[in-house]
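These notes concern the structure reproduced below.
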Amino acid sequence: MTDVKELIIAIVQPLVEHPDDVKLTEHETERFMEFDLQVNPSDIGRIIGKQGRVAQSIRTIVYSVKTPYQKRVRLNIVDA
Numbered sequence: 018m019t020d021v022k023e024l025i026i027a028i029v030q031p032l033v034e035h036p037d038d039v040k041l042t043e044h045e046t047e048r049f050m051e052f053d054l055q056v057n058p059s060d061i062g063r064i065i066g067k068q069g070r071v072a073q074s075i076r077t078i079v080y081s082v083k084t085p086y087q088k089r090v091r092l093n094i095v096d097a
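This is the structure in structure tokens:
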């Protein structure tokens, strides 16, 4: 799953003012590969965007990735 993780980080880091504060944790459930994205509190608005458009765009790209065992990918944006 490092490919998906690298993809998310590659998309998110250029969008934020504090790229070193981007943290991504992953865990697997029976049906999903879930990724929890945490950024600096001052960057949360940049990740979500107006009316959630940036977050939805990131999720659309990530959800299109194929994973082994037919698991779906889920991206959660964690508000610290």
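Just so you know, the sequence shown maps onto residues 18 to 97 in our numbering.
The beta-carbon is built from N, C-alpha and C at its ideal position, and this holds for glycine as well.
From a predicted model like this one, the values you see are computed outputs, not experimental measurements.
For D96, the three-state secondary structure derived from DSSP is coil. Our two residues, T84 and A72, have alpha carbons roughly 21 Å apart in a direct line. In this structure E34 touches D60 by the C-beta definition: roughly 6 Å separates them, less than 8 Å.
When R63, L41, E47 are compared, the shortest CA-CA separation from L32 is found for R63. Looking only at G69, I25, R91, the smallest Cα-Cα distance to T46 is reached by R91. Secondary structure of T84 (DSSP, three-state): coil. Here I78 has I28 as same chain residues with Cβ atoms under 7 Å from its own Cβ, once five neighbours each way along the sequence are excluded. By the neighbour-count criterion, in which a residue is buried when 16 or more other Cβ atoms sit within 10 angstroms of its Cβ, F49 is exposed.
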